Each structure stands twice: as C-alpha cells, then as structure tokens.
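Read the structure below first, then the notes.
Protein chains: 6
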Amino acid sequence: MKQRRIHMPYVTVQMLEGRTEEQRKALIEKVTDAVVETTGATREKVVVFIEDIDKRNYGVGGKRLID
Amino acid sequence: MKQRRIHMPYVTVQMLEGRTEEQRKALIEKVTDAVVETTGATREKVVVFIEDIDKRNYGVGGKRLID
Amino acid sequence: MKQRRIHMPYVTVQMLEGRTEEQRKALIEKVTDAVVETTGATREKVVVFIEDIDKRNYGVGGKRLID
Amino acid sequence: MKQRRIHMPYVTVQMLEGRTEEQRKALIEKVTDAVVETTGATREKVVVFIEDIDKRNYGVGGKRLID
Amino acid sequence: MKQRRIHMPYVTVQMLEGRTEEQRKALIEKVTDAVVETTGATREKVVVFIEDIDKRNYGVGGKRLID
Amino acid sequence: MKQRRIHMPYVTVQMLEGRTEEQRKALIEKVTDAVVETTGATREKVVVFIEDIDKRNYGVGGKRLID
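Chains as they are written, first to last, in the working numbering: chain C, 142 to 208; chain R, 142 to 208; chain X, 142 to 208; chain H, 142 to 208; chain F, 142 to 208; chain Y, 142 to 208.
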C-alpha cells in the first residue's frame, strides 16, 4: 500500500513584535502540544508559523497603538 | 488616561475538514491556554480561527490525498 | 516603453458569516474608496476579498460564541 | 448574564512597501470607518493589519516590477 | 545525528470558484513542479492549498463581478 | 459593453528566508506558467507573492530548526 504523509494542521500566530526567543520557542512547543492533544494529529505533522506584526501596521478601533 | 485595548495574538489553524464539534471547541480552548502561558497575553485578548481545508484543495508532494 | 500594471493593494476582510448581499456589496465599495483616498492607489487596482467565518470556527478568550 | 466581546471584522491590507506613516495612519482610520458604516460593527471591534510587500517578492504576469 | 524534516514551501492559490477536479489536480501537480525546479525544494516537502473564492466575496475597483 | 478586468488567481508562496534573487525571479515566472497552463487564466492576471519566513518563527513537530 502506498502511503503519503499528511502534513497538517498548519498554525499561524500573528503577534505584535517584541517577543523574546524563549517566548517564541515555548509558544511553538506548547501550541503544538495543544493541537496534538485536541485533534489527534501526529506531533511531527504539526507546523507552526509566527508572524511578527509591526506596531506601525496594526490598529484597533481605527487607531494604531503608537498614535 | 485613555486606554485602548490591545487585541492579539491572532491564531489561525488550518486543518483538513472532518473535525468534530468537540475537537473544535477543545482546540480553541487549549491553543488559547498555550498562547496565554507562553506569551503572557491576557486570555480575553487571544483570538483563534479554524479554517477547514477541503480534501480536494490540498496536496503534498504534488498529489492530493484523494487522487 | 513597456508598462506593466501594478495591482495592489489587496484587502481581505474576515467577518462572521451572516452578512447580506447589500452589506457585502457596500463593504467592497466603501473599503475601496478608503484605500484610494488614503494611499493614492488607482481605483481599478484595488482588490477586496471577503472571508466568511463560520461561528463554529472562531473563538475569543478560549471560547466560541456558540458554546 | 456573562458577556463575551465579539472582535471582528479583521481587515488585512497587503501593499507594496514605501507608504508613509501618515498614509498608514489614515488608511487604518478610513478603512475602519468604511467597515463600521457598511457592516454595523462596533468601531472598537474592528482590527486592521497592514502587510508591507517587498518589491522583490511580488510579481504580476510572471514578472517582478524590479526585473 | 538527529534529523528533523523541513516542510516548506507552502503555496496557497486563491481562485474564483468553479474550477474542475481535473484543473485542481493539475494545478497542484504543476505548481509543485515549478517550486521544485526553481527553489531546489524536495518534492515531497512542497505543500499546496487551493482556496475557492465565492463570486459574492470578491471585488476589483470597488465592484463585484456579479453586480 | 463594459468590461472589468478579473485579476486572479493570487498565489502566495511561504518559504524559509535565504533564497537568492534569481530563485525569486524564476519562482514567480514558473509558478505563473503553471497556473496559466492548468487553469486557463490569462497570464497578465496571475499575481504571485513570496513571503520569507524567519527561521526563528517556524517550527515542525513543536521544535524550531534553530533549537
């Protein structure tokens, strides 16, 4: 039987810039744990991306945090 | 002092379709836990989206799972 | 001189499902107006996508609206 | 009665890099206005992200603007 | 030596709805070929997603195709 | 008859940082070829974005490549 690897889920975390390396590392590890625990995905199949958001490029209620 | 709420992080989980309601509910809860624990975000600020991926619209290594 | 058209900006609006056709139509029109007014983009170059979010697939603070 | 805040819509604007601070600020403000006007969302619930696109990473018709 | 699999690139294709199964299948295959040829990625590492865009949810120049 | 240009498909390629200019250029060209060949889209309507992923912001199986 031919077997193809199913790579999923894919998790993207958008966060304001400024997180430390330790936070990034722990975030990826613990989010992966959560996905494995709740969906039954094989651990090695879980992919996590972090996207740093520049404070100049983010607004809530029509205003940026820096204005 | 005027205070503006900072809503972040935003988490998107792309998964193949077919997850149960219980899995969706638990996924959102546990991923939120993981984000709060590792980034120090206020719990109520964490947003999670799930995107169901149609098996017809997903391929690894140039092949879809259904072909 | 060869001229290549620059198509941008691209705007994606993620909204909970349930918006009417009139709301969708007006949203695309008015968001385009806002982008043209503030960035100087040529109107015909502005692209808007709407993504409907299923209430089952969205949570704030670790909980879905439907739970 | 417990009340949970519904944070949406989420708007992402992808634009070629090079916009000024004033353009970014105005873009977020006016797009938020447009979303509130057309969807009835509470102003403070509207979130806008800007994503700057590097000219090296964008092509139309198979060609980049810089080639 | 411990080896971890590097799964990338991830390709997302947003298209108006209405493509046939044959088109989807061929699109995933040929886009994968293109990525492998130009980036040197291992074929089995390339992931392709297709996102169908509803005609009601897409506008250019402030207008939807259906209006 | 009024004619509006339909700009699609939109392709986003997420790749680990470090690709050369030649690779970026070729990737955009060949992915565009693949989309035109398989979907019948007019070449000038195909848009390709590349997103460089920082090695610090990407993990598979709960671990980053750099840890």
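Beta carbons are placed, not taken as given, at the ideal position from N, Cα and C, and that holds for glycine.
All of these numbers come straight from a predicted model, not from anything done at the bench.
Start-to-end residues for the alpha helix (DSSP H) that takes in residue i
i	result
Glu-192 of chain F	First-last for Glu-192 of chain F: 188-194, but that is the beta strand (DSSP E), not the alpha helix (DSSP H).
Proximity of residue i and residue j at Cβ, strictly below 8 Å
i	j	result
Val-176 of chain X	Leu-168 of chain H	yes
Gly-203 of chain H	Val-187 of chain Y	yes
Thr-179 of chain R	Met-156 of chain C	no
Val-189 of chain C	Val-154 of chain C	yes
Helix, strand or coil at residue i according to DSSP, with G and I counted as helix
i	result
Ala-197 of chain R	Correcting the residue type first, residue 197 of chain R is Arg in the shown sequence and not Ala. Arg-197 of chain R: helix per DSSP, three-state reduction.
Arg-165 of chain F	helix
Thr-183 of chain Y	coil
Arg-145 of chain Y	Confidence in Arg-145 of chain Y is poor, its pLDDT being 42 and thus under 50, which makes the residue's placement unreliable; the coordinate value appears in the next sentence. Of the three classes helix, strand and coil, the one that applies to Arg-145 of chain Y here is coil, per DSSP.
Arg-160 of chain R	coil
Supposed contact pair residue j and residue i - C-beta distance, whole angstroms, cut 8 Å
i	j	result
Ile-194 of chain R	Arg-165 of chain R	With 8 Å as the limit, Ile-194 of chain R and Arg-165 of chain R do not qualify as a contact, their Cβ atoms being about 14 Å apart.
Thr-173 of chain R	Arg-184 of chain R	7 Å
Glu-162 of chain X	Lys-196 of chain X	Not a contact, Cβ separation roughly 19 Å.
Where residue i meets chain F, residues with beta-carbon distance less than 9 Å
i	result
Glu-185 of chain X	Val-201, Gly-202 and Gly-203
Within chain C, the residues that residue i reaches when beta carbons sit closer than 7 Å
i	result
Arg-160 of chain R	Thr-180
Chain R residues whose Cβ lies nearer than 9 Å to that of residue i
i	result
Arg-165 of chain X	The premise fails here: Arg-165 of chain X is roughly 19 Å from chain R at the closest Cβ pair, so nothing lies under 9 Å.
Residues that residue i contacts on chain Y, provided the C-beta gap is smaller than 8 Å
i	result
Asp-208 of chain H	Lys-166
Partners in chain X for residue i, counting only beta-carbon separations shorter than 7 Å
i	result
Lys-171 of chain H	Ala-175, Glu-178 and Thr-179
Beta-carbon neighbours of residue i, restricted to chain R and to distances below 7 Å
i	result
Ile-191 of chain F	Asn-198
Residue i - containing beta strand (DSSP E), residue span
i	result
Leu-157 of chain C	151-157
Residue i Cβ short of 7 Å to the ligand ATP heavy atom set
i	result
Thr-180 of chain Y	Although the ligand ATP was asked about, the structure shown includes no ligands whatsoever.
8 Å Cβ cutoff, residue i in contact with chain B
i	result
Arg-160 of chain C	In the displayed structure, chain B is absent; the protein chains listed are C, R, X, H, F and Y.
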